[in-house]
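Residue numbers (full-length UniProt numbering): 1 to 162.
Put into structure tokens, the structure is as follows:
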């Protein structure tokens, strides 16, 4: 019964967000992934310092970084069934050991706070977490790769935000 309810919630949420709402022909998980692509943001190396605002911490131009975050915010407000997490990451050269966890937590916290300030319900967001340099998405040997790794992600955790 719980799986059927889960499938119904995902189908309704996906249908609500996607224009046209044609009958589902793809598996629900595949349809969900195609409809919702939460993006997060990329940060400048070593940012944010404690107390530094989000806009000053982001890779340039900040307006290009904020656009996907606004998309994330709008999607979450339109679909309050999603339970989300915000996780921060670092590259492997901008910090070491505990400093990486602290920096990545500051990144996640800034994005978490921004989402709430822009109308996302706090009850639909898990506490922000930093993962340091544990999980990289690009090669840390080149600056372009390190830029990709300095990020905060917004991810779906569950479909039961109550």
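Glycine included, each C-beta is placed from N, C-alpha and C at the ideal position.
Note that the structure is predicted; figures quoted are calculated from it, not measured.
Segment limits, beta strand (DSSP E) that includes residue i
{"i": "residue 119", "result": "Element bounds for residue 119: n/a, residue is neither H nor E."}
{"i": "residue 83", "result": "83–88"}
{"i": "residue 158", "result": "151–158"}
Three-state secondary structure assigned by DSSP to residue i
{"i": "residue 46", "result": "coil"}
{"i": "residue 144", "result": "helix"}
{"i": "residue 135", "result": "coil"}
{"i": "residue 93", "result": "coil"}
{"i": "residue 123", "result": "helix"}
{"i": "residue 39", "result": "coil"}
Beta-carbon proximity list for residue i, same chain, < 6 angstroms, skipping 5 on both sides
{"i": "residue 85", "result": "126, 155, 157"}
{"i": "residue 92", "result": "133, 140"}
Residue i, buried or exposed, once every other Cβ within 10 Å from all chains shown has been counted against 16
{"i": "residue 106", "result": "buried"}
{"i": "residue 134", "result": "exposed"}
{"i": "residue 65", "result": "buried"}
{"i": "residue 128", "result": "buried"}
{"i": "residue 99", "result": "exposed"}
{"i": "residue 153", "result": "buried"}
{"i": "residue 143", "result": "exposed"}
{"i": "residue 94", "result": "buried"}
Contacting residues, own chain, Cβ-Cβ under 8 angstroms from residue i (five flanking each side not counted)
{"i": "residue 22", "result": "Confidence at residue 22 is low in this model, with a pLDDT of 35, below 50, so its placement is unreliable and the value that follows should be read with caution. Closer than 8 angstroms at the Cβ level, and outside the excluded window around residue 22, lies no residue."}
Beta-carbon gap between residue i and residue j smaller than 8 angstroms
{"i": "residue 137", "j": "residue 147", "result": "no"}
{"i": "residue 151", "j": "residue 82", "result": "no"}
{"i": "residue 73", "j": "residue 103", "result": "no"}
{"i": "residue 39", "j": "residue 68", "result": "yes"}
{"i": "residue 57", "j": "residue 48", "result": "yes"}
{"i": "residue 123", "j": "residue 87", "result": "no"}
Span of the alpha helix (DSSP H) around residue i
{"i": "residue 74", "result": "62–78"}
Nonlocal neighbours in the same chain, by C-beta distance under 7 angstroms from residue i, ignoring five residues either side
{"i": "residue 77", "result": "119, 120"}
{"i": "residue 59", "result": "42, 43, 44, 65, 147"}
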